[in-house]
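Protein chains: 2
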Amino acid sequence: MKDKINVIKVGGAVVEDATSLNSLLQQFAGMPGNKVLVHGGGRSATRIAASLGIESHMVGGRRITDAQMLQVVTMVYAGLVNKNIVAGLQARNVNALGLTGADMDVLRSHKRPLKAVTMDDGTEQLVDFGFVGDVDKANGEMLCKLIAEGVVPVMTPLTHDGAGNLLNTNADTIASKVACALAPYFDVTLTFCFEKKGVLRNADDDDSVIPVITEQDFAAHRASGVISGGMIPKLENAFDAIHQGVQRVVITRSDNINGEGGTVIKEF
Amino acid sequence: MKDKINVIKVGGAVVEDATSLNSLLQQFAGMPGNKVLVHGGGRSATRIAASLGIESHMVGGRRITDAQMLQVVTMVYAGLVNKNIVAGLQARNVNALGLTGADMDVLRSHKRPLKAVTMDDGTEQLVDFGFVGDVDKANGEMLCKLIAEGVVPVMTPLTHDGAGNLLNTNADTIASKVACALAPYFDVTLTFCFEKKGVLRNADDDDSVIPVITEQDFAAHRASGVISGGMIPKLENAFDAIHQGVQRVVITRSDNINGEGGTVIKEF
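Residue numbers (the working numbering), protein chains in the order written: chain E, 20 to 287; chain Y, 20 to 287.
As structure tokens, this is what we get:
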């Protein structure tokens, strides 16, 4: 039987507020067994960029990463956010190691080609997202070697193209790719944390968590509009992971990284 | 016989200019065998801090790291500078891993207590350097495990105190401590690179490199004023390393990291 591992993804809002960060680190440190933390940091990037006089451009809720913004996200994600988490975990006896995808070549990607995006007015536009990476491969073997040494990888949402360029990469995607890359070696539980208790049946009712979503449910909920917006790519990442051998995917609130009471994603 | 390793320290100026960085990465990638790179980044930190409206305070040529400046150096050293080096080395088939001292607890330090500093006017003042770390221990064993896997550590000048705080730490000191921590396992050559060909007999003559400096020479050169200013702590770090088992210490120019023609530091 394979050893268990938890891959926990937390959004930017949680790690950018001292109180919620502290509570997250405490919870994460208390989780027994093998684990990996993947974090975001978008709000800090926007704030620091603004302080530097750099405007954040978003299209359809997604950041355009021009050369200047790439510098900002590199500083904020790999520096400020990641290293404070690492130091905070070390203080709690977790042997954390902060990683971008470039470090030990753990996540290789390619620059996203022009992509058709549906605008708010319903028209389609070809968008250049700039220095944004779509992941090609995650190096599960190297991550395994670290984990075997008791190291806890703390992954920041940056990858590289192997030609010297860092690329801004969605943290949910990184969590999903890492979970898949670990699946041949471990019994993997992937937990996506966000601000709600789970996927809600009714966006206005925080207690309307849908306990289980199968692929068939997902199709039905999309069609009925229960699941929409940013929840769609999150669930797509979740199903990708399930298809690639991840044992269990859970969507839950950041103050509940053990996942009880959240939404469990199942193939059937 | 122990396996050889090169610990190369390069200053901020080299890694902050695209042309010299490129040339450094090319040279470093071409070095055969085990290796570690330690880098600075002070100029970028000063520049980014200024863009953020944060003033850099220096006393006796050394930075005062207040809470805001700690955020800036964390972003610049661990993010911008370190990760661009890592991605650049990966593009040259070097399996680089960027590390602060907090990552895998490789460098533990304590916050520097108030320290007496001689001011330009000759008076002594007690100075609070702020979030600056004096290194207590380097984890040679963990670095060795990485190196055995073919990983090339790229170390940024930040350490941690084990209580969750990152601390700004002199890059020469980090290079020296890392070299010492590797000495029980490897035959270590520590190379400090800076803007001159070596330690000069005459500051105005770039070709007046002193080929060898023993401890006795160092005392004499300090007394005569040939060695002064920032060169003194650099040589103190060099002799510390020699005393703790580092086989060979060289001071040379950054475009010559193989060290030929530089100054060799010897105990006797």
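For each residue, glycine too, the CB sits at the ideal point set by N, CA and C.
Original post:
Applying the criterion that 16 or more other CB atoms from any shown protein chain within 10 Å of the CB defines a buried residue, is residue 86(Y) buried or exposed?
Top reply: exposed
Subject >> Nearest-angstrom Cα separation, counted from residue 187(Y) out to residue 74(E) >> reply: 29 Å
Subject >> Within 9 Å, strictly: CB atoms of residue 276(Y) and residue 199(Y) >> reply: no
Original post:
Mind checking whether residue 264(E) and residue 173(E) have CB atoms under 9 Å apart?
Top reply: no
Original post:
What is the rounded straight-line gap between the Cα of residue 23(E) and the Cα of residue 209(E)?
Top reply: 11 Å
**OP:** Closer than 8 Å, Cβ to Cβ, to anything on chain Y: give me those residues from the segment 87-101 of chain E, in chain order.
**Re:** 90, 93, 94, 95, 96, 97, 98, 99 and 101
Original post:
What did DSSP end up calling residue 153(E) once you bin it into helix, strand or coil?
Top reply: strand
Original post:
Looking at chain Y, which residues of the segment 44-68 of chain E have a Cβ within less than 7 Å of any of its Cβ atoms?
Top reply: none
Subject >> Cβ of residue 161(Y) within 9 Å of any chain B Cβ >> reply: Any reference to chain B falls outside this structure, whose protein chains are E and Y.
Original post:
Out of curiosity, what's the CA-to-CA distance linking residue 15(E) and residue 286(E)?
Top reply: Here chain E covers residues 20 to 287 and nothing more, so residue 15(E) does not appear.
Subject >> Residues of its chain near residue 102(Y), where Cβ-Cβ distance is below 7 Å and the 5 sequence neighbours each way are ignored >> reply: 117
Original post:
Can you list, in chain order, the residues of its chain whose CB lies under 6 Å from that of residue 159(Y), leaving out five sequence neighbours each side?
Top reply: 200 and 201
**OP:** Answer with yes or no whether the minimum CB distance from residue 266(Y) to chain E is below 9 Å.
**Re:** no
Original post:
Within 9 Å (strictly less), CB to CB, does residue 129(Y) reach chain E?
Top reply: no
Subject >> beta strand (DSSP E) segments (min. 3 residues) lying fully within the segment 155-210 of chain Y >> reply: 171-174, 177-179 and 185-187
**OP:** For chain Y, find out if any of its Cβ atoms is closer than 9 Å to the Cβ of residue 36(E); answer yes or no.
**Re:** no
**OP:** In the DSSP assignment, find the beta strand (DSSP E) that holds residue 77(Y) and state where it starts and stops.
**Re:** 76-78
Original post:
Whose CA, out of 283(E), 144(E) and 42(E), lies closest to the CA of residue 234(E)?
Top reply: 283(E)
Subject >> Where residue 5(E) falls, given that 16 or more other Cβ within 10 Å makes a residue buried >> reply: A question about residue 5(E) goes unanswered here, because the residues of chain E that appear run from 20 up to 287.
Original post:
Taking the runs of the alpha helix (DSSP H) that are 4 residues or longer, which of them lie wholly in the segment 74-147 of chain E?
Top reply: 86-92 and 101-109
Original post:
For residue 262(E), does the count of other Cβ atoms within 10 angstroms reach 16, so buried, or fall short, so exposed?
Top reply: exposed
Subject >> Cβ of residue 196(Y) within 9 Å of any chain E Cβ >> reply: no
**OP:** Can you have a look at residue 165(E) and say buried or exposed, based on whether 16 or more other CB atoms are within 10 angstroms of its CB?
**Re:** buried
**OP:** In angstroms with no decimal places, state the Cα-to-Cα distance between residue 226(E) and residue 129(Y).
**Re:** 47 Å
Original post:
Can you tell me where the alpha helix (DSSP H) with residue 65(Y) in it begins and where it stops?
Top reply: 61-70
Subject >> For residue 48(E) and residue 112(E), believed in contact at Cβ under 8 Å, the rounded distance >> reply: 7 Å
Original post:
Taking DSSP as the reference, what is the three-state secondary structure of residue 259(Y)?
Top reply: helix
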